[in-house]
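This report concerns only the one structure given below.
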Amino acid sequence: MESLLTEENLLKLATVKMPFGRYAGRVLIDLPEEYLLWFNRADKGFPKGKLGQLMQLALMLKIDGTDGLIKRLKAGHLT
36 MESLLTEENL LKLATVKMPF GRYAGRVLID LPEEYLLWFN RADKGFPKGK LGQLMQLALM
96 LKIDGTDGLI KRLKAGHLT
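Residue numbers (our numbering): 36 to 114.
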């Protein structure tokens with residue numbers, strides 16, 4: 036399995052918006068940790084495909100406390 040921690044995926048976390056649900060329209064890195072944990076525990080799990088992988092990465096970064104780096108990237112403070 037390829038690593039989720041790639042430059043492309045980190046940039047996507049800062050730009051891709053949630054396409055459905057309670058937080059539709061919110062950038063993935065801004066999804067609440069509790070919402071991502073719900074997907075992690077839910078019977079169906081994360082969505083299939085790239086969206087689910089990005090949501091898993093967002094959760095991993097939030098748990099590790101490194102999501103602030105992506106938020107800075109989103110705000111344009113990292114170049």
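The beta-carbon is built from N, C-alpha and C at its ideal position, and this holds for glycine as well.
Short of 8 angstroms from the beta carbon of residue 97, and not among the five residues preceding or following it, lie these beta carbons of its own chain, in chain order: 68, 71.
Residue 63 holds the alpha-carbon nearest to the alpha-carbon of residue 108 among 58, 63, 55. Going by DSSP, residue 102 is part of the alpha helix (DSSP H) stretching over 102-109. Counting only the Cα atoms, residue 104 lies some 23 angstroms from residue 54.
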